[in-house]
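Note sheet for the following structure.
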Amino acid sequence: MKKLIFGIFLSLALCGSASAESHTTTGVIEHVENNGITLVIKHEDFPDFMGAMTMPFDLLDSALSDGLKTGDRVKFTIQKTDSGYPIVKISKIGGS
Ligand SMILES: [Cu+2]
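In the numbering used here, the protein residues as written are 1215 to 1310.
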C-alpha cells in the first residue's frame, strides 16, 4: 500500500515539473497578511528568474502558511499560473 501511494506522488511530481514553470528559493517572512493568504518575504535570488528583494506572494492555499510567522526563515517554491506566481510549497528551515 505504501509503495502504491509513493508511486502516485512520484507521478504527480513528475507531471508537475514537466508542465509548469516553477522556481525555488529561500527567504525570511516579513509580514503575514490577508489571514495568511499573502506573505511578504525578503527573498534570495531565484536563479535565472528574479533577483533578491522583498515582495508579497500569494499562497495557492492559505493552509500552506499554517504554523508560519513573521521572522521565520523558509524555503519555498512558486509556480506559474494564469493569475501569477503563487507559492505552491513552503517550509520553515533552521531555527527553532
Ligand atoms: Cu521578487
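Note that the Cβ used here is the ideal one computed from N, Cα and C, for glycine as well. It should be emphasised that the depicted structure is a prediction, and the values quoted were computed from it without experimental measurement.
With 16 or more other CB atoms across the displayed protein chains lying within 10 angstroms of its CB, His1257 is buried.
By the criterion of a C-beta distance shorter than 7 Å, Gly1308 is surrounded in its chain by Arg1287, once the five residues flanking it on both sides are discounted. With respect to Lys1289, Ser1279 sits apart: the two C-beta atoms are not nearer than 7 Å.
Its chain contains Leu1253, Val1254 and Pro1270 as the residues whose beta carbon lies nearer than 8 Å to that of Glu1247, once the 5 sequence neighbours on both sides are disregarded; these appear in chain order. In the DSSP assignment, Glu1247 falls within the unbroken beta strand (DSSP E) covering Ser1236 to Glu1247.
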